[in-house]
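Residue numbers (the numbering used here): 604 to 901.
Backbone N, C-alpha and C define an ideal beta-carbon position, used for all residues, glycine too.
Since the structure comes first, as C-alpha cells, the remarks are kept for the end.
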Ligand code: NAP
C-alpha cells in the first residue's frame, strides 16, 4: 500500500490515467496537475495547478513518458495549462522526493543533479523495456497489416537489432509464419538468432539482404537503413522504423525512391495505453516501496 504517500502527477497522456488509477487504489494521496479537462474524477486525487501544490509535502513526482522539453515544459493532453518544472520549484521538495520519468534529457538530468534529487528514468530499466516490447510488437503488427496488401505469413521480414524490442519483434513475426531474418552486430546475438531458429546476418552486410525483403523493421537507434540499403529494395518493401527519433532510416531517400518508410514512435501509448500505464504503475509502486518503505502499517 502507498498510504501516507503524497505524489504529484504532472501532465501526460492516457498512460498516466492507468498510473493514477493504480496509485489511487493503493491509497496514495495524489495531486493531479494538468488533468483539468478530464471528465472522470479519481477518489483521493485532487485536480490542482502546480502553483497550488506545496512541494514540501511531496514524496514523489511522476512526469509523462517523454519527461520535459529542454526548457522544462511538460506536455499534457488533458489540459491547456502550461506546466514548467523549474530548479527553484524542485529545490523546495524534500530531499527524499523521487522524480519519475519515462526518458530523460539534458535539462532533466541537470536540474535533478543540481538539486540533488533522485531521477528515475523508467525506460532505462530492462524490466520496463522488456514488458513494453509487448505492446510495441502489437503496434508493429497493426502497422504491417495497415500498410501492406499481403499477409505477414510467408512474407520475408528483416528485423534490425536484437535488443529488447528486436527480440520480441523477431520472435512474434516468426510465430505468425513470416520468414524472419535478423541483423545484429555482436557474434553472441548472431548465435542467439540461430538458436531461435531464424536466419542471422551481420548488420554490416545489410545491403546484400535488402533486395529480398517485404517488410524491414528497424530497432537500431543509428543510421543503418541507408540510401545504399534502400536502393536495393523491391518497390513493395515497407520500412517500419521503431527506433527512437530520428530513427535509423534515410527517410529522404526512401521517399525519393518511392519506398514507404514509417517512423513509428510511442506505439505502446497508442495501441495499449492501459497496459503501458500499468507497466509503469507496477514499477513506480515497486520503486517507491523499495526506496521509501511502506507507510501503511506504521
Ligand atoms: P536495446 O535493447 O538497447 O537494443 C538496441 C539494439 O540496437 C541492440 O541490438 C544494439 O546492438 C543495436 N545497436 C545500437 N546501436 C547500434 C549501431 N550503431 N549499429 C548496430 N547495432 C546497433 O533497445 P530496445 O529497448 O530494443 O529499443 C530499441 C529502440 O526502439 C530504441 O530506440 C527505443 O527507444 C525504441 N523503442 C521504440 C518503441 C516504439 O513504440 N516505437 C517502443 C520501445 C522502444 P548492441 O547490443 O550490439 O549494442
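Rounded straight-line distance, which links the Cα of residue j to that of residue i
i           : j           : result
residue 613 : residue 622 : 12 Å
residue 644 : residue 695 : 28 Å
residue 665 : residue 609 : 11 Å
residue 790 : residue 607 : 50 Å
residue 736 : residue 768 : 5 Å
residue 756 : residue 817 : 11 Å
residue 674 : residue 663 : 21 Å
residue 890 : residue 714 : 21 Å
residue 723 : residue 716 : 12 Å
residue 604 : residue 858 : 52 Å
residue 730 : residue 855 : 35 Å
residue 887 : residue 762 : 31 Å
residue 765 : residue 655 : 46 Å
residue 795 : residue 860 : 34 Å
residue 682 : residue 634 : 15 Å
residue 707 : residue 719 : 16 Å
residue 812 : residue 628 : 51 Å
residue 895 : residue 611 : 16 Å
residue 617 : residue 837 : 38 Å
residue 808 : residue 721 : 42 Å
residue 639 : residue 884 : 21 Å
residue 631 : residue 787 : 44 Å
residue 728 : residue 641 : 30 Å
Cβ-heavy atom distance, residue i to the ligand NAP, below 6 Å
i           : result
residue 789 : yes
residue 637 : no
residue 803 : no
residue 883 : no
residue 869 : yes
residue 824 : yes
residue 768 : yes
residue 845 : yes
residue 732 : yes
residue 739 : yes
residue 765 : yes
residue 806 : yes
Reduced DSSP category for residue i - H, G, I as helix; E, B as strand; rest coil
i           : result
residue 669 : coil
residue 872 : helix
residue 909 : Look at the range of the chain in this structure, 604 to 901, and you will see that residue 909 is not part of it.
residue 724 : strand
residue 615 : strand
residue 775 : helix
residue 706 : coil
residue 787 : strand
residue 606 : coil
residue 676 : strand
residue 632 : strand
residue 695 : coil
residue 716 : helix
residue 640 : coil
residue 701 : strand
residue 903 : What the structure shows of the chain is the stretch from 604 to 901, and residue 903 is not part of that stretch, so it cannot be assessed.
residue 663 : strand
Beta-carbon proximity list for residue i, same chain, < 6 Å, skipping 5 on both sides
i           : result
residue 877 : 621
residue 881 : 621
residue 954 : Look at the range of the chain in this structure, 604 to 901, and you will see that residue 954 is not part of it.
residue 653 : 636 and 686
residue 814 : 835
residue 760 : 776, 781, 783 and 818
residue 850 : 844 and 866
residue 841 : 750, 751, 818 and 863
residue 826 : 851
Own chain, CB closer than 7 Å to residue i, minus 5 neighbours either side, in chain order
i           : result
residue 624 : 645
residue 692 : 658
residue 745 : 874
residue 689 : 675
residue 678 : 614, 667 and 669
residue 824 : 846, 847 and 851
Cutoff 7 Å: residue i Cβ touching any chain C Cβ
i           : result
residue 662 : Annotation note: the requested chain C is absent from the structure, which comprises a single protein chain.
Cβ neighbours of residue i in the same chain (closer than 8 Å, five flanking residues each side left out)
i           : result
residue 651 : 634, 635 and 636
Subject >> Unbroken stretches of the beta strand (DSSP E), 3 residues or longer, contained in the segment 746-772 >> reply: Along the segment 746-772, the beta strand (DSSP E) occurs as fully enclosed runs of 3 or more residues at 759-763, listed in sequence order.
Original post:
Where are the alpha helix (DSSP H) runs, 4 residues long or more, that stay fully inside the segment 802-870, in chain order?
Top reply: The qualifying runs are 809-812, 830-834 and 854-860.
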